[in-house]
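First residue of the sequence shown? That's 187 in my numbering, and the numbers climb one at a time after it. Cβ atoms here follow ideal geometry from the backbone N, Cα and C, with glycine treated the same way. Encoded as structure tokens, the structure appears first; notes follow it.
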Amino acid sequence: MATPSLLLLLADGRFPAGAHAHSGGLEAAVAAGRVTDLASLEAFLAGRLATAGLVGAAFAAAAHRAAVAETADPAGSARSARRSGALARLDAELDARTAAPALRAVSRRQGRALLRAGRTVWPNAPFADLPATPGGAHQPLVLGLLCAAAGLSRVETATIAAYGTLTGAASAGVRLLGLDPYQVQALLVGLADACDGTAADAARAADDPPERLPAAAAPLADIHAEIHATWEVRLFAS
187 MATPSLLLLL ADGRFPAGAH AHSGGLEAAV AAGRVTDLAS LEAFLAGRLA
237 TAGLVGAAFA AAAHRAAVAE TADPAGSARS ARRSGALARL DAELDARTAA
287 PALRAVSRRQ GRALLRAGRT VWPNAPFADL PATPGGAHQP LVLGLLCAAA
337 GLSRVETATI AAYGTLTGAA SAGVRLLGLD PYQVQALLVG LADACDGTAA
387 DAARAADDPP ERLPAAAAPL ADIHAEIHAT WEVRLFAS
């Protein structure tokens with residue numbers, strides 16, 4: 187049984203997984219003039235939650251489901267192989283939902299960073315069952331295994347994933363636009379119910395096979411990511 191402190195620890199932007207270095211696409215949106223103030227930041231965050239937030243949370247919850255199901259299976263001889271197969275399917279499906287090569291690279295880079303932290307904190311977690319794809323597994327899959335190792339529930343896992351899509355970009359908004367941090371925090375409070383609802387939807391969707399998991403897309407975010415990747419000087423990695 188996980189304690190509330192573990193949920194807070196994994197949702198904390200100070201957890202050493204490199205999230206602070208990413209703006210969630212906000213830096214490019216600001217440069218394009220599409221996010222200029224608090225109101226447009228709120229719209230950006232709501233859109234991000236409904237797309238990348240929902241997809242990432244669903245895949246994190248599905249990875250958690252795979253980890254918990256196989257851990258509970260008494261037939262241990264094939265347990266790891268089944269879990270590895272399930273995670274490989276999830277990784278391939280998430281790759282297919284991530285149209286921009288830049289975003290695929292970012293997801294795998296964040297997965298590697300989270301994996302380094304996870305192996306130190308929970309060394310007995312089945313991280314070896316993650317797919318051995320070039321660049322490493324996608325971040326939501328690593329998050330799902332890490333949360334399962336911490337004893338968190340599927341809904342809590344989805345909540346951490348959805349919450350992370352909001353807070354990183356919100357924090358970047360303060361730095362990029364010079365916004366009042368108190369007003370940005372109030373904005374996040376206003377999005378809390380939507381975040382919880384997204385997490386609940388994602389946790390329910392995790393019961394579906396990988397090919398039927400959410401596939402909400404944001405083509406403009408894909409374009410921004412590709413443009414951002416070409417910049418020689420930038421404040422954030424993505």
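field: Cα-Cα separation between Pro202 and Arg294, rounded to whole angstroms
entry: In the sequence shown, residue 202 corresponds to position 16, counting from 1. In the sequence shown, residue 294 corresponds to position 108, counting from 1. Those two C-alpha atoms are separated by around 16 Å.
Closest Cα partner of His206 within the set Leu280, Thr351, Tyr368, Ala267: Start at 1 with the first residue of the sequence shown, and residue 206 comes out as number 20. Nearest C-alpha to His206: Thr351.
query: So the alpha helix (DSSP H) Arg420 belongs to, where does it begin and stop?
result: Working through the sequence shown from its first residue, we reach residue 420 at position 234. Per DSSP, Arg420 belongs to no alpha helix (DSSP H) and is neither H nor E.
- request: Rank His208, Asp277, Gly354, Leu377 by C-alpha distance to the C-alpha of Gly322 and give the top, closest one.
  value: Start at 1 with the first residue of the sequence shown, and residue 322 comes out as number 136. Taking only the C-alpha atoms, the option nearest Gly322 is Asp277.
task: Throw me the rounded Cβ distance for the His208 and Cys333 pair, which I believe falls under 8 Å.
output: The residue given as residue 208 occupies position 22 in the sequence shown. The residue given as residue 333 occupies position 147 in the sequence shown. Contact doesn't hold; Cβ gap of about 20 Å is too wide.
message: Could you tell me the alpha carbon to alpha carbon distance between Asp394 and Thr306, rounded to whole angstroms?
response: Taking the first residue of the sequence shown as position 1, residue 394 is located at position 208. Taking the first residue of the sequence shown as position 1, residue 306 is located at position 120. One C-alpha to the other measures close to 31 Å.
message: Can you find the residues in the same chain that come closer than 8 Å, C-beta to C-beta, to Leu373, ignoring five residues on each side of it along the sequence?
response: To locate residue 373, count along the sequence shown from 1; it is residue 187. Excluding residues within five positions, the ones whose Cβ falls inside 8 Å are Leu224, Leu227, Glu228, Leu231, Ala356.
message: For Ala347 and Gly271, what's the separation of their Cα atoms in angstroms?
response: Position 161 of the sequence shown, counting from 1, holds the residue named residue 347. Position 85 of the sequence shown, counting from 1, holds the residue named residue 271. Rounded to the nearest angstrom, the two C-alpha atoms are 22 Å apart.
query: Between the beta-carbon of Ala214 and the beta-carbon of His410, is there less than 8 Å?
result: For the purposes of this step, residue 214 is identified with residue 28 of the sequence shown, where counting begins at 1. For the purposes of this step, residue 410 is identified with residue 224 of the sequence shown, where counting begins at 1. Yes, Cβ-Cβ distance for Ala214 and His410 is below 8 Å.
Selection from Gly199, Thr345, Gln325 that minimises the alpha carbon distance to Val292: Looking up residue 292 in the sequence shown gives position 106. For the residues Gly199, Thr345, Gln325, the minimum Cα distance to Val292 belongs to Gln325.
Sub-8 Å separation of Leu338 and Leu421 beta-carbons: On the sequence shown, residue 338 is found 152 positions in, with the first residue counted as 1. On the sequence shown, residue 421 is found 235 positions in, with the first residue counted as 1. No. Outside cutoff.
- request: Give the DSSP-derived three-state secondary structure of Gly322 in the structure shown.
  value: Sequence index remark: in the sequence shown, residue 322 carries index 136 (1-based). Looking at Gly322 - three-state DSSP - the assignment turns out to be coil, as it is neither helix nor strand.
query: Is the Cβ-Cβ distance between Ala311 and Ala335 less than 8 Å?
result: Taking the first residue of the sequence shown as position 1, residue 311 is located at position 125. Taking the first residue of the sequence shown as position 1, residue 335 is located at position 149. It is a contact, given that the beta carbons lie within the stated cut-off.
task: On a CA-only basis, which of Pro190, Gly199, Ala217, Leu193 is nearest Ala407? Give me that one, please.
output: Within the sequence shown, numbered from 1, the residue matching residue 407 stands at position 221. Nearest of Pro190, Gly199, Ala217, Leu193 to Ala407, Cα basis: Ala217.
query: Would a C-beta distance cut-off of 8 Å place Leu399 and Ala246 closer than the cut-off?
result: As a working note, residue 399 is residue 213 in the sequence shown. As a working note, residue 246 is residue 60 in the sequence shown. Against a cut-off of 8 Å, the Cβ pair of Ala246 and Leu399 comes out as no contact.
For Asp198, the first and last residue of its enclosing alpha helix (DSSP H): Position 12 of the sequence shown, counting from 1, holds the residue named residue 198. Unbroken run through Asp198: none, as it is neither H nor E.
field: Beta carbon of Gly330 nearer than 8 Å to that of Thr319
entry: Sequence index remark: in the sequence shown, residue 330 carries index 144 (1-based). Sequence index remark: in the sequence shown, residue 319 carries index 133 (1-based). Not closer than 8 Å, so no.
query: Tell me which same chain residues have a C-beta within less than 6 Å of the C-beta of Thr237, skipping the five on either side of it?
result: Here residue 237 refers to the residue found at position 51 when the sequence shown is read from its first residue. Closer than 6 Å at Cβ, skipping near neighbours: Ala402, Ala404.
task: Excluding the 5 residues preceding and the 5 following Thr222 in the sequence, name in chain order all residues of the same chain whose CB lies nearer than 8 Å to its CB.
output: Counting from 1 along the sequence shown, the entry for residue 222 is found at position 36. Contacts found: Val216, Leu363.
- prompt: Rounded to a whole number of angstroms, what is the C-alpha to C-alpha distance between Asp382 and Glu418?
  reply: Within the sequence shown, numbered from 1, the residue matching residue 382 stands at position 196. Within the sequence shown, numbered from 1, the residue matching residue 418 stands at position 232. Cα to Cα, Asp382 sits roughly 37 Å from Glu418.
message: Taking the alpha helix (DSSP H) that Ser209 belongs to, which residues open and close that run?
response: On the sequence shown, position 23 is the one that residue 209 refers to. First-last for Ser209: undefined, no H or E at that position.
Completely contained alpha helix (DSSP H) runs for the segment 233 to 259, where each covers 4 or more residues: 240 to 258
task: Using only alpha-carbon positions, find the residue among Thr284, Phe313, Arg283 that is nearest to Leu273.
output: Translated into the one-based positions of the sequence shown, residue 273 becomes position 87. Taking only the C-alpha atoms, the option nearest Leu273 is Phe313.
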